[in-house]
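Here the structure comes first, spelled out in structure tokens, and everything after it is commentary.
2 protein chains.
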Amino acid sequence: MRAQRPNSREKILAAAADVARESGPGSLSLDAVASRAGVSKGGLLYNFPTKAKLMQGLVEGYLREFEHALEAARTNDKDENLLAVYIRLSANDCEEKQPSASWIFSAIAEDPDFMMPIKTFKRQLFERLKGETPDLKSLLICYLAIEGLRSMNLFDSDVLSKDERELLVSSLLEIAK
Amino acid sequence: MRAQRPNSREKILAAAADVARESGPGSLSLDAVASRAGVSKGGLLYNFPTKAKLMQGLVEGYLREFEHALEAARTNDKDENLLAVYIRLSANDCEEKQPSASWIFSAIAEDPDFMMPIKTFKRQLFERLKGETPDLKSLLICYLAIEGLRSMNLFDSDVLSKDERELLVSSLLEIAK
DNA sequence: CTTCCTGTACCGTCTGGACGGTCTTGTCAA
DNA sequence: TTGACAAGACCGTCCAGACGGTACAGGAAG
Chain A
1 MRAQRPNSRE KILAAAADVA RESGPGSLSL DAVASRAGVS KGGLLYNFPT KAKLMQGLVE
61 GYLREFEHAL EAARTNDKDE NLLAVYIRLS ANDCEEKQPS ASWIFSAIAE DPDFMMPIKT
121 FKRQLFERLK GETPDLKSLL ICYLAIEGLR SMNLFDSDVL SKDERELLVS SLLEIAK
Chain B
178 MRAQRPNSRE KILAAAADVA RESGPGSLSL DAVASRAGVS KGGLLYNFPT KAKLMQGLVE
238 GYLREFEHAL EAARTNDKDE NLLAVYIRLS ANDCEEKQPS ASWIFSAIAE DPDFMMPIKT
298 FKRQLFERLK GETPDLKSLL ICYLAIEGLR SMNLFDSDVL SKDERELLVS SLLEIAK
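Sequence lines, in order, name chains A and B.
For the first sequence, the residue numbers in the numbering used here are 1 to 177.
For the second sequence, the residue numbers in the numbering used here are 178 to 354.
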């Protein structure tokens, strides 16, 4: 299953994300992705035999990346608790002006079931956090606030100023400590 | 501009929301909406000359309803502060198992610009909250956590149990006080 | 020879929307 | 009271375009 011509899949995935962001989530057509990736439609359909597989690939890549980032940040700050690591990592993600994952809307429009891996991933993460965080109240507040931050980033909604965002994050880290 | 056959517009709007929820946001076609509303396609296009107008109608109705609900809850608990009212109202909205506004994904897929009224509305609401809430830190945490709750409801993601949700809300109300 | 692609031609389906016709309702003059 | 008439509300049909997907002939590289 691994290892076609090394980077073709990655290029296509990146192209799909770009198209979704720039042309709008509803305009994620195979032709657009193919031309953006510098690949013919036949080539695209060789790597992803169907549009559903493409979406699935996007979701899996997203989850894989997040997991890696979390583990990396974890081993970096070995003394910090998991919740704090998660807060910092998410805040970093949301720093980028680019919504970074607006292809999610394409996936949902295509079929809401594409979100299922993400949902179960989040459930597992939350369970893990519950196991490692002593105070449930603090966890709930921090987790939900981060969820809110991610949501605002995803919807490209900039109601918070930079200062406010920083104040929020530092407050959450205080609570998580 | 007002007053067609009294309730035809409302019926169509409700039908559109139903179709989006049941058939998936990507399957919100005019035919589906028309048949669901018990109206011919011609009749639908008479009320909403274009699909964009339909989406616009959904957004406006959503905002109008929310505003009314907020004002109503406000006059009911005249002594409570705005943030607490907002928290309670949002928590109530998120109680429903039905995502209630999953047509939003349809609108985004159609054209992300449909979200602009919602964005400016939220910005205004946040400004209002800032004006009426003494402690910025509390406001940020509460507002973002509620945003997170709304996001989870919208994505139909049930990582929180009922008890956890209630604990969260009571904690937020404590902070907001 | 196999793998990985390119390029093109094509098909079936769906969708937004334009269009002309139809039924209903209100208005007003005689 | 009645009949004429116009505007409003809605129906059914049709169409051009876009899209996902298939099929197939080739070509370059290892």
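For every residue, glycine included, the Cβ atom is placed at its ideal position computed from N, Cα and C.
Remember, predicted model here, so these are calculated numbers, not experimental data.
Asked, Found
"Contained alpha helix (DSSP H) runs [length at least 4] in the stretch 78 to 114 of chain A, N- to C-terminal order", "82 to 95 and 103 to 110"
"Beta-carbon proximity list for Lys218/B, same chain, < 7 Å, skipping 5 on both sides", "Leu207, Asp208 and Ala211"
"Interface residues of chain A facing Ser348/B [CB-CB closer than 8 Å]", "Lys137, Leu140 and Ile141"
"Leu82/A to Asn153/A span [Cα, whole Å]", "22 Å"
"Per-residue DSSP class, three states only, for Asn7/A", "coil"
"is_contact[Glu343/B, chain A] using C-beta, thresh 8 Å", "no"
"Pair within 8 Å by beta-carbon distance, Ser106/A and Pro49/A", "no"
"Within chain B, the residues that Phe105/A reaches when beta carbons sit closer than 9 Å", "Pro202, Phe282, Ile285, Ala286 and Pro289"
"Asp156/A (DSSP reduced to helix, strand or coil)", "coil"
"Proximal residues to Ile352/B (C-beta, below 7 Å), its chain only, five neighbours per side dropped", "Ser315, Ile318 and Cys319"
"Closest residue to Ala193/B among Ser277/B, Ile264/B and Asp254/B (Cα-Cα distance)", "Ser277/B"
"Proximity test, Cβ basis, 8 Å: Glu324/B and chain A", "yes"
"Neighbour flag for Met232/B against chain A, beta carbons, 8 Å", "no"
"Whether Leu144/A touches Gly325/B by CB criterion (8 Å)", "yes"
"Alpha-carbon spacing of Leu222/B relative to Ser338/B, whole angstroms", "43 Å"
"Cα-Cα separation, Glu341/B to Thr310/B", "26 Å"
"Status (buried if at least 16 other CB within 10 Å, exposed otherwise) for Asn224/B", "buried"
"7 Å Cβ cut-off: residues of chain B touching Phe155/A", "Met292"
"Integer-rounded CB distance, given that Val262/B should sit under 8 Å from Asp254/B", "6 Å"
"Test: Phe126/A CB closer than 8 Å to a CB of chain B", "yes"
"Unbroken alpha helix (DSSP H) run spanning Lys339/B, endpoints", "Lys339 to Ala353"
"8 Å contact criterion, which Leu70/A and Leu13/A should meet: CB distance rounded", "Incorrect: roughly 20 Å between the Cβ atoms, too far for contact."
"Reduced DSSP category for Leu190/B - H, G, I as helix; E, B as strand; rest coil", "helix"
"Supposed close pair Ser102/A, Arg21/A - CB separation, criterion 8 Å", "5 Å"
"Closer than 7 Å: Ser315/B CB and nearest the ligand GTP heavy atom", "Among the components modelled here there is no ligand, and therefore nothing to report on the ligand GTP."
"Residue-level contact to chain B via CB, Arg123/A, 8 Å cutoff", "yes"
"Cβ pair Pro289/B, Leu240/B closer than 8 Å", "no"
"Contacts of Leu321/B in chain A (Cβ-Cβ under 7 Å)", "Ala145, Gly148, Leu149 and Leu168"
"Below-8 Å beta-carbon distance, Lys296/B vs any chain A residue", "yes"
"Outcome for Ser267/B when other beta-carbon atoms lying within 10 angstroms are tallied against a minimum of 16", "buried"
"Same chain, Cβ closer than 6 Å to Lys11/A, five either side skipped, listed in chain order", "Ala37"
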